[in-house]
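J.: Dumping the structure here so I can ask a few things about it.
There are 2 protein chains.
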Amino acid sequence: MAATASFVRERLAEYGAASQARMKEYLRGGRAHEGFDALVADYPERGGRSLRASLCLATARAFGARPSEALNSAVALELLHNAFLVHDDVEDESEARRGSPTLHLRHGVPIAVNVGDALAVLSLRPLIENVEALGSRLALRVLEEAERMARESVEGQALELWWRQHNVIELGEADYLRMVLKKTCWYSTIYPLRVGALIGTRDGVGLDRYLRFGFFVGAAFQIQDDLLNLVGDEARYGKEINGDILEGKRTLMLIHLLGAANAEERVLLSRMLGSPRAARTLEDIRWVRERMDRYGSIEYARQVAHGLAGAALHEFSLAYGDLPDSPDKRFIEALPTWVLERT
Amino acid sequence: MAATASFVRERLAEYGAASQARMKEYLRGGRAHEGFDALVADYPERGGRSLRASLCLATARAFGARPSEALNSAVALELLHNAFLVHDDVEDESEARRGSPTLHLRHGVPIAVNVGDALAVLSLRPLIENVEALGSRLALRVLEEAERMARESVEGQALELWWRQHNVIELGEADYLRMVLKKTCWYSTIYPLRVGALIGTRDGVGLDRYLRFGFFVGAAFQIQDDLLNLVGDEARYGKEINGDILEGKRTLMLIHLLGAANAEERVLLSRMLGSPRAARTLEDIRWVRERMDRYGSIEYARQVAHGLAGAALHEFSLAYGDLPDSPDKRFIEALPTWVLERT
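Here's what the structure looks like:
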């Protein structure tokens with residue numbers, strides 16, 4: 002167990018160092034004005050574990066690609082990830098990101114929207130420059146995948162916003178998983194793995210299996226992330242504990258609670274979720290949290306995450322099983338276990 | 002004069018019809034949920050004159066391209082234009098767009114940020130599908146140009162936001178023109194013309210001359226647009242009259258006034274521009290407007306626009322002069338005059 006964590010940490014550090022070094026080149030100034038350069042570099046420089054870049058680099062290398070061949074695609078993904086974070090923080094009215102105030106809290110919504118756009122635009126450049134290392138055909142295939150991924154991501158975000166805006170509470174596990182597939186898995190796991198395989202095999206393998214493996218491991222990851230928001234350590238986690246309840250986020254735990262609660266509690270929950278964020282009190286949040294414990298919502302979500310991680314391990318053997326042993330392959334194999342164990 | 006206006010209107014209608022028909026295909030549903038499809042289609046369906054698509058289609062055709070060859074690039078541009086409008090309206094706290102309330106006023110900032118992202122992502126697809134009609138090499142060249150254009154645009158927006166956020170008032174004509182070059186001209190004129198020429202000549206012509214022609218005609222267009230915000234007819238114009246003053250927008254007229262005003266007026270202007278938008282009264286706006294008249298700021302801006310349009314006509318002869326006569330070529334030639342005359 003501890004061995005898994007330290008092995009994954011080691012690999013993440015190596016992939017992350019490579020992608021962050023390259024990312025710095027893309028973040029180098031020369032834009033509109035000095036202040037803008039600093040704003041654009043703010044989130045990327047707050048760190049993060051470069052998980053998405055690592056999945057892409059590891060898969061490409063597991064298939065025999067040279068380390069440099071997937072680097073541009075990995076960097077593009079990290080830039081886009083930061084673009085999403087900036088806009089998501091605005092949309093979710095989040096207050097902290099990676100241990101510091103969110104960009105829009107520091108500089109206002111107008112600047113944050115613009116900086117998110119700038120990061121998204123910046124993510125295009127390494128993909129276009131892919132032509133040099135990969136040739137036109139493969140570079141265009143990666144762009145095709147990127148377009149699909151970006152589309153799924155904004156649709157997933159739209160779905161979640163819609164639920165919140167219209168105070169939708171008639172939701173089941175299938176709704177939750179569809180939202181997470183689109184909002185989180187496509188860009189966090191599915192796309193990095195697909196592009197890694199695309200580059201590693203020179204477009205020589207079917208990509209559906211990466212959709213499945215990526216979905217299982219990505220959904221387990223998201224549920225675990227939401228669990229950490231309830232039971233984690235704020236200093237290590239970097240966001241407000243119970244912030245998801247405050248934001249009215251439809252987590253699997255909340256959806257379970259909505260299904261398990263009695264009629265009276267459901268009315269209270271619906272009223273609380275339908276009120277503006279500022280009207281929710283600490284008392285409300287404690288009440289929700291206590292009901293989640295009482296109805297076993299947290300334990301239930303843990304079990305779903307475990308089931309998904311198990312399915313991911315099975316898919317791993319189909320998608321990666323034939324490849325020769327390598328640290329890159331072992332890194333991918335370790336992920337389903339690592340996802341459940343991280344704190 | 003009237004002949005110019007009706008000829009341009011006719012051509013715009015033809016180019017616009019082609020690009021809007023194709024745009025509808027890209028806006029067709031199948032996304033996250035029904036409500037989302039309607040939100041994404043909202044701004045595009047409010048109409049507009051498809052000026053950007055028209056510039057692209059006309060230039061490509063003037064160089065002998067088949068009508069269909071530049072259509073995807075034209076549609077991508079209109080989608081991105083709508084993405085920019087949604088985010089710009091959030092960033093500028095605008096209240097009306099094309100005669101109706103802005104998207105964020107109707108649905109809130111979170112949804113508007115997401116819908117703007119969705120439109121930007123949607124604009125990628127026709128560019129990737131360019132491969133079918135243009136081949137990989139040329140499709141990638143168009144993508145390269147698109148990346149440059151998008152970068153210039155967000156940087157231009159960043160510059161303007163910075164001026165407002167930090168209440169910068171030490172600005173001259175050169176600062177204004179640099180901002181307009183980046184924020185408006187690159188995506189409204191320079192890029193459409195460059196991509197039209199790229200496709201029409203199969204990457205067979207230098208693109209610098211389109212930068213100059215596009216800048217001159219685009220800057221004249223923007224100044225005229227800002228003038229209409231002061232002296233236009235609200236019903237035809239579709240935005241609030243004097244809305245720019247309310248927003249603290251650094252127009253050429255405001256920059257001229259800041260330079261011409263006496264010390265006392267300058268202090269008052271700076272204080273007003275530095276206060277929150279909600280603190281600006283109708284009385285403030287009338288005062289600014291009256292000072293613009295007194296110091297000839299409006300007449301000055303009109304003269305700059307005329308000078309730019311003249312320069313555009315000269316550049317036209319260099320960039321398009323050798324081409325055989327066609328309605329497409331005549332349309333481009335008519336633009337500098339049309340820009341000054343539209344109401």
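Each protein sequence line maps, in turn, to chains A and B.
The first sequence finishes on residue 344 if you use the numbering used here, and the numbering steps up by one all the way, no holes.
The second sequence finishes on residue 344 if you use the numbering used here, and the numbering steps up by one all the way, no holes.
Backbone N, C-alpha and C define an ideal beta-carbon position, used for all residues, glycine too.
Given the structure is predicted, the values throughout are model-derived calculations rather than measurements.
Pairing CB atoms from the region 68–84 of chain B with CB atoms from the region 218–230 of chain B, are three or more of them under 8 Å?
T.: With the cut-off at 8 Å, the region 68–84 of chain B and the region 218–230 of chain B do not touch.
J.: Report yes or no: is there a C-beta of chain C within less than 9 Å of the C-beta of Trp163 (chain A)?
T.: Of the chains in the structure shown, none is chain C; the protein chains are A and B.
J.: Which residues mark the beginning and the end of the alpha helix (DSSP H) in which Ile242 (chain A) is found?
T.: From DSSP, Ile242 (chain A) is part of no alpha helix (DSSP H); its letter is neither H nor E.
J.: Kindly indicate if chain B contains any beta-carbon less than 9 Å away from that of Gln21 (chain A).
T.: Judged by the 9 Å Cβ criterion, Gln21 (chain A) is not in contact with chain B.
J.: Could you tell me the distance, in whole angstroms, from the CA atom of Val91 (chain B) to the CA atom of Ser271 (chain A)?
T.: Looking at the two C-alpha atoms, the distance is approximately 29 Å.
J.: Identify every run of the alpha helix (DSSP H) within the region 259–322 of chain A, keeping only runs that are complete inside it and at least 4 residues long; order them along the chain.
T.: Listed in chain order, they are 264–275, 283–295 and 298–321.
J.: Restricting to Cα atoms, I'd like to know which of B:Ala61, B:Ala147 and B:Val114 is closest to Ala320 (chain B).
T.: Closest by alpha carbon: B:Ala61.
J.: State yes or no: is the beta carbon of Asp245 (chain A) nearer than 9 Å to at least one beta carbon in chain B?
T.: Not an interface residue.
J.: So, is the C-beta of Glu96 (chain A) closer than 9 Å to a C-beta in chain B?
T.: No, Glu96 (chain A) does not count as interfacial toward chain B.
J.: Answer yes or no: does any C-beta atom of chain B fall closer than 9 Å to that of Ala313 (chain A)?
T.: Closer than 9 Å: no.
J.: What does a CB cutoff of less than 8 Å around Asn243 (chain B) pick up in its chain, not counting 5 residues either side in sequence?
T.: Cβ neighbours of Asn243 (chain B) beyond the five flanking positions: Asn230, Leu231, Ile286 and Arg290.
J.: Can you name the start and end residues of the alpha helix (DSSP H) that Cys57 (chain A) belongs to?
T.: Where Cys57 (chain A) is concerned, the enclosing alpha helix (DSSP H) stretches over Leu52 to Ala63.
J.: So who's on the other strand from Ala198 (chain A), going by DSSP bridges?
T.: None; Ala198 (chain A) has no bridge partner.
J.: Quick one: any contact between the region 108–121 of chain A and the region 159–174 of chain B, if contact means 3 or more CB pairs under 8 Å?
T.: Yes: at least three Cβ pairs fall under 8 Å.
J.: Tell me Pro102 (chain A)'s beta-bridge partners as DSSP assigns them.
T.: DSSP, once it has assigned bridges, lists A:Ala97 as partnering Pro102 (chain A).
J.: Please list, in chain order, the chain A residues whose beta carbon lies closer than 9 Å to that of Glu133 (chain B).
T.: What Glu133 (chain B) touches in chain A: nothing, since even the nearest Cβ is about 11 Å away.
J.: Mapping DSSP to helix, strand and coil, what is Asp66 (chain A)?
T.: One point to set straight first is that residue 66 (chain A) is Ala, not Asp, in the sequence displayed. Here Ala66 (chain A) sits in coil by DSSP.
J.: Taking the straight line between their C-alpha atoms, what separation do you get for Asn1 (chain A) and Ala134 (chain B)?
T.: As displayed, chain A neither begins before 2 nor continues past 344, which places residue 1 (chain A) out of reach and without an answer.
J.: List the residues of chain A that Glu79 (chain B) touches, going by C-beta distances under 9 Å, in chain order.
T.: The premise fails here: Glu79 (chain B) is roughly 17 Å from chain A at the closest Cβ pair, so nothing lies under 9 Å.
J.: Taking 9 Å as the CB-CB cut-off, is Ile256 (chain A) touching chain B?
T.: No, Ile256 (chain A) lies away from the interface with chain B (no Cβ there is under 9 Å from its Cβ).
J.: Exposed or buried, which one is Leu283 (chain B) when buried takes at least 16 other CB atoms within 10 Å?
T.: With fewer than 16 other Cβ atoms within 10 Å, it is exposed.
J.: For Arg343 (chain B), which of helix, strand or coil comes out of DSSP?
T.: Arg343 (chain B): coil per DSSP, three-state reduction.
J.: Which residues in the same chain as Leu208 (chain A) place their Cβ atom closer than 6 Å to its Cβ, once the five residues preceding and following it in sequence are excluded?
T.: So the qualifying residues of the chain are Arg195.
J.: Rounded to whole angstroms, how far is the Cβ of Tyr44 (chain A) from the Cβ of Val110 (chain A), which I believe are closer than 8 Å?
T.: Contact doesn't hold; Cβ gap of about 15 Å is too wide.
J.: Hey, how far is the Cα of Gln166 (chain B) from the Cα of Tyr16 (chain B)?
T.: Approximately 39 Å between the Cα atoms of the pair.
J.: Roughly how many angstroms lie between the CA atoms of Leu343 (chain A) and Glu334 (chain A), to the nearest whole one?
T.: Looking at the sequence shown, residue 343 (chain A) is not Leu but Arg. Those two C-alpha atoms are separated by around 15 Å.
J.: With a threshold of 6 Å on Cβ separation, who are the neighbours of Val181 (chain B) within its own chain once the five nearest residues in sequence on each side are excluded?
T.: Result list for Val181 (chain B): Ala220 and Gln223, in chain order.
J.: I'd like to know whether the C-beta atoms of Arg126 (chain A) and Tyr27 (chain A) end up nearer to each other than 9 Å.
T.: Taking 9 Å as the Cβ cut-off, Arg126 (chain A) and Tyr27 (chain A) qualify as a contacting pair.
J.: For Leu81 (chain B), report the span of its alpha helix (DSSP H) as first-last.
T.: Its alpha helix (DSSP H) spans residues Leu72 to Glu92.
J.: Which residue comes first and which comes last in the alpha helix (DSSP H) that contains Gly36 (chain A)?
T.: Unbroken alpha helix (DSSP H) run through Gly36 (chain A): Glu35 to Glu46.
J.: Find the residues of chain B that neighbour Ser137 (chain A), judging by a C-beta separation of less than 8 Å, and give them in chain order.
T.: What Ser137 (chain A) touches in chain B: Ser137, Arg138 and Leu141.
J.: Taking Ile256 (chain B) as the reference, give the member of B:Gly297, B:Ser276, B:Ala66 and B:Ala280 with the closest Cα.
T.: The shortest C-alpha separation from Ile256 (chain B) is found at B:Gly297.
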